[in-house]
Every structure is written in structure tokens, then in C-alpha cells.
Amino acid sequence: MAHELIVRLTIVLAVATLLVAACRRLGLSPILGYLATGLVVGPRVTGWLPGGAATELLAELGVVLLMFSIGLEFSLPRLLAARRLVLGLGGAQLVLTALLLGGLAELLSGAGVRQAVVIGAALAMSSTAIVLKQLGEQLELQAPHGRIATGILLFQDLAAVPLLVAVPVLAAGGTGLASGLAVALAKAAAVFAGLAFVGRRLLPAALHWVAATRSLELFMLTALLLATAAAGLSVAAGLSPTLGAFMAGMLLGETEFRHQVEADIRPFRDVMLGVFFVSIGIKLDPAALAGQLPAVLAVLLALVIVKPVLLAGLVRAFGHSPADAWRSAISLAQGGEFGLLLISLAAGGGLLPAAAAQPVLGGIVASMLLAPLLLAWREQLVAWLPPSSAIPVRHGPAQEIAGAAAEWDGHVLICGYGRLGQNLAGILRAESIPALALDLDPERVRQAAAAGEPVLYGDAGRAAVLEAAGLVRCRALAVTMDAAATAERIVAQARRLGFRGPILVRSRHGQDDEALLAAGATVFPEGLEVSLAFAGQLLVLLDLPPSRVESRLNEIRAQDYAPLRLFFHSSGREDARQEARDFPEAIRAVVLDDEHHAAGRLLAELALEETGAELLDLRRGALRLPPQTLDSRLRAGDVLLLKGGPEALERAVARLIEGG
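If you're matching positions, the sequence shown starts at 36 in my numbering and goes up one per residue.
See below:
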């Protein structure tokens, strides 16, 4: 029996590893790999994993840890600072989408009111994992549509807590639905009061004691104990375990240990969540889905057409541009993790029959499969979609900025008020040069304004915002954001508005900045200048004359930092990808041995220049031999230093080793 269990577990892990790796390779969410794993190993396909109580227990633990993590990230001041976006737009999206899609479910499928409420709420949810990952990779989290999508997802995550409490009450049936919800809310309030009393009096001291032991294992065990104990207390009160976990996370999030706890439980959370999605995949019935294909397609169309159209209208009504409305709507045009959880919970509690749950699950999974494609084609879709100009637009922030900046003249306009923007403003202030900043972080703007600093909330990538901030009257424009696409958009808008003053743009490495340079901007390559500053400081400490040090650094700048752009790339996949983006060319050292094709041949015979790579140096033992003066044959042990792009280097190495 034990042997059979180990074999089955090995098979499941192997399938999960292969499918999750395939999803990563295709740019899809790993969630889809776990769902596919459950489908493959489940009783309806191979039967390798029949499911059961043990699987369900691990899956529930994953959801508990997820809600605990969300509680850790919950910040009431942050929520209040963005209340119009999160509570206003996020609340309107969830309520109106749930009502519309739930109403359609009741009308078209004959579902009861309770079932329609759950289906509508589930379909109103979007995938936090997919959307935030994609927007983060595209450097769009701070763009207007990125902030809209993030605010809506934050409200959905918060709304999942009461929804998870409400599903068991709805499943219980009976006529006392309102009283049942009232009792559940009262119990939740009592549990929170108890946790708050214990947490605020005992939790900080206990965590300080655990941290003082300097034992990472003990700290991690304590974090898991807090999450599971709070979940158990919630269950004892007749509530969902996820509610208690969320409350415990909220309380722990107020302490200085929040980030360490989050880092410690993340591996457990991710693995257990993987088990949860595998358990969802086990419940998928391919035969039932094939027999209900029209219903699956109806759910899919509701998610990718009806839901984004409604959301685009809401975003426009809240004063955002048509393009940003469609971008945010398309970004959220899919079902999500909590939608799967709600449907699974409702089906397990008998609220939804399998015939109703299967097409909803299938439609949500299909929409999650389509999500990366929709996000990839989003700009083409936005260009094709109508501007929705008939929807009334409320005044946005440009009018407020124009009023606040009306008296500013001869100032420096700073786009981005992070660490660099704040340091820059402080130095300008010390020189009595007026500086006005724009930033998209509402909490940062609120704090800066409270401190009397001239910072306004607005997207500097919009022409109306730049114009309102007095661009034509300012002396210089400084773009401090670390996002090339955003910087290019700001510079292009500034030049389009007729600004002819100096523009200084922060760049990671000053690579691929032709558009910025063509627009007349001065590019500050932050990473390369840090290298120069560090090297200059070291040379001064080594007692080299400051004039010689400055001359050396200026010589490197005059060469467009060419000596600093070449280095050996990392072997780690993520590091290598980032380095390849920042520095398209690299250097590689090749050590010859007797079996290599190049050993014993003249350098001229190899014609390495045909590969596109350049031979920078050749070393033989302690000697450095200039390639152009080499007239002897290459030997085993010679080291060739090559420069070029990834493909050119691969061709050169292949020619040296194999003769290809």
C-alpha cells in the first residue's frame, strides 16, 4: 500500500513538473499546468489519483495560506488613499458584473437565485496571478490601466473573504437567508475581536521572543501555527477557515515581522495552492464538458466579451480615457482563482449540481487559457474598438493639476517621485530652483502633500497632464521612472506639445535609447554611472590623483561607456534574460583542448569574423597575444575572448569546437 502510494505520488509530481514547465515555456500561468495535471491524473482520465479527503485537506490548507498572505498585504491606510479606485470602481465592477452575469445565468439556464448569486460572483472575479504577472513583465503596473486593474483586483481579493463566508450559508438553504448571513457576520465580528485582543496583547511579544532565538525554522513554524490556529478558531465558530486566516494575516501585517512571515510561508502556500488547483482539475469531467459544450462557450463568451464591455463603460464613467478603459477591461477579461474556489465550494456543499458546476469551471479555465493571448493582442484590439464617446466622462485629474500649477513658472518638472525624484527635488530646493513633481502613487502623493512638498497626482505620459503641470513654462523636464516605455511616451508627448527645453531621462544602462536620443533627450545610464562612481572612489582611495581619475572616467564616457557594456553573463535563467535585455552583446571565454577543431589551426583558417563575433583577446598561459599579430597555430590551453550577441557567440563557439 505504501509502495503504491509512493509510485502514484511520483507520477503526479512528474506530470505536474512537465505540465507546469510547459506552461512556463509557453508564457502561460502555472495554474493552468496544475489544472491540467488534475485532469490527467484524475479518475476520469488515467485514474492515477482518485482524489479523496487527504487531497481536499491539502487543497484547503493552500487556500488558508493564500488568504493569510492577502491579510498580510492588507493595509487600511493604503485602501483609504485609493478608495475611489478600489472601493468605488472595484465595488461597482464586482456588484454590477455579478448582477448581470448572475441574471443571465438565471435567465438562460433556469438556475435558482442562490445558484445565480454564486455563479455571478464567481464570474465577476479575475485572475490576480495572471494579470499582475503579465502587467509586471510589461512594466505596466504603474500605467493608468495597470493601476485600474490592480485596484479592481485588490477589491476582488478583499470581497472573496465575505463571499467564502456566504457560500456555506447559501448552501444551507432554508428561508432565513438574511438571518443566517447576519449570524455569520456577528460570528465573524466576534472572532475578529477575539483575535485582535489576543493578537495585539500577546502576538508582538511572542514574535519578538521567537525572533530573538534567531531560528528560521522556529519562526516559520510559528507563522504556520498562527495561520492554522486562526483558521481552526474560525471553523470552531461555524465559519470558513479562510476568514480566520485572513484576520490573522491582517493582525500580523501591522507588525514589523510582516515581510519575513510572508517570505517564510510562500513556499508552503505555493505548493499547497498547486494541490488545490490539481484538486479542481480532478473534478473536471471531459465527457460532461463535451456534452455541455454550448454552455461552456456561453460562459467563455460572458467572460471575454460581456464582462469587459461592462467594465470599459464603468471605467469611462469614472473619468478615464477610452484607451485606458479598454486596456484595463481586456486585461481583466478572464475568470480567476477565487472564481474556481467559489464554484468548487458551492459544488462541494451541494449548492450547485455537477451539471451546473462543470460548464462554469470549464469556461473559467478556457478564459484563463485565452488570457495571455488577449493581453498580447490588447493594443491591436484597443485600436480596433470604439472609443465609447457616448459615455459621460467626469473631470479627471488634469483639471485639478492645472489649478494647482497655475502659478508655477520657470520650474523643473519631475516625472516620478520615488527615491531618485525626491533626492533630485531636495537638491534643486537647496539651490533655490523651484521643482514640481508628478507621481501615480496616491499614498506617496498624500504624504508628500501633507509635508508641504509640491507633488501632484497624475500620469505624466498623458499630454493633458503635462500641459496642465505647466510644461511650456518649465525650464527643464526630468524623467526619473525606471521604465523605458513610459519614459519614451513622456518625452514624445513633451516634444509633441512643443517643449524645447532640456530633458534628462533615467535609463537603466543607456542601451536601446535611440528614440529618446532622437527626441533630443539626455539619457543618464544609471547602472553604468554607478560603476564609474564606484571605480572612481576606489581609485581615489588608492591614492591616484583626482585629476587622473576624472580624466579616466571622462574617457570612458566619451566612448559611450563601451568598456562597461561587455561582461560575462550569468548562468541563471532569469538573470541571463535580464542581462540579455540590458546588454545585447556579451563576452565569452573559450578554452581550447586537443579535441577541439581549432587546436592546431591558424586563426585565419577559422574565419571567425563570418560568425558575427569579434575576437577581442587571445591568451596563452601568462602571455596576452594580440590576435592581429598572431602568426602561430592555436594550441590546446589557449583562451580566446569573444564578443558578440548570443547567436553570434554560439556560432563562433561551434566553429572553434566542432568546425561548423
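The C-beta atom is built at its ideal place from N, Cα and C for all residues, glycine as well. Please read these numbers as outputs of a predicted model, since none were measured by experiment.
Item, Value
"Euclidean distance between Cα positions of A683 and L643", "10 Å"
"Distance, W361 Cα to A352 Cα", "12 Å"
"Cβ pair A513, L539 closer than 8 Å", "yes"
"Burial state of S356 (16 or more Cβ within 10 Å)", "buried"
"C-alpha gap between F559 and G533, whole angstroms", "23 Å"
"Chain-order list of residues whose beta-carbon lies under 7 Å from that of Y452 (same chain, five-residue window excluded)", "A472, D474, R479, A483 and V490"
"Cα-Cα separation between G384 and P203, rounded to whole angstroms", "7 Å"
"Simplified DSSP assignment, three categories, for L658", "strand"
"Minimum C-alpha distance to A264 - residue among W244, G137, V226 and E252", "V226"
"Endpoints, alpha helix (DSSP H) assigned at S566", "E561 to L576"
"Heavy atom of the ligand ADP within 7 Å of R655 beta-carbon", "No copy of the ligand ADP occurs in the structure displayed, which carries no ligand at all."
"Residue from A157, A406 and G138 with nearest C-alpha to L67", "A406"
"Inter-residue Cα distance where the pair is L324 and L268", "38 Å"
"Contact under 8 Å by Cβ, L199 with L84", "no"
"Of the listed residues R623, L552, L336 and E630, nearest to D595 (C-alpha basis)", "L552"
"Touching by the beta-carbon criterion (3+ pairs, under 8 Å), the region 668-682 and the region 628-635", "yes"
"Sequence ranges, alpha helix (DSSP H) only - wholly within the region 457-520, length at least 4", "477-485 and 498-503"
"Rounded separation between I46 and P321 - CA only", "21 Å"
"Segment limits, alpha helix (DSSP H) that includes A140", "G126 to S144"
"Alpha-carbon to alpha-carbon, G493 and P179", "9 Å"
"Per-residue burial, A195 [other beta carbons within 10 Å of its own, 16 or more giving buried]", "buried"
"For W443, the nearest candidate out of G505, L410 and R497 (CA to CA)", "G505"
"Sub-8 Å separation of S161 and L193 beta-carbons", "no"
"T646 (DSSP reduced to helix, strand or coil)", "helix"
"Coil, strand or helix - R535 by DSSP", "coil"
"Within 8 Å, strictly: CB atoms of I622 and L676", "yes"
"Inter-residue Cα distance where the pair is R655 and A639", "17 Å"
"DSSP three-state assignment for A241, whether helix, strand or coil", "helix"
"Proximity to V350 [Cα-Cα], best of M285, A418 and R119", "R119"
"Per-residue DSSP class, three states only, for R668", "coil"
"Beta-carbon spacing of L70, V153 below 8 Å", "no"
"Three-state class that DSSP yields for T557 in the structure shown", "strand"
"Assumed close pair L386, R59 - CB separation to whole angstroms, cut-off 8 Å", "With a Cβ gap of about 35 Å, L386 and R59 do not count as contacting."
"Beta carbon of L136 nearer than 8 Å to that of A460", "no"
"Start-to-end residues for the alpha helix (DSSP H) that takes in L387", "That residue, L387, is in no alpha helix (DSSP H); it is neither H nor E in DSSP."
"First through last residue of the alpha helix (DSSP H) which encompasses G279", "P276 to G288"
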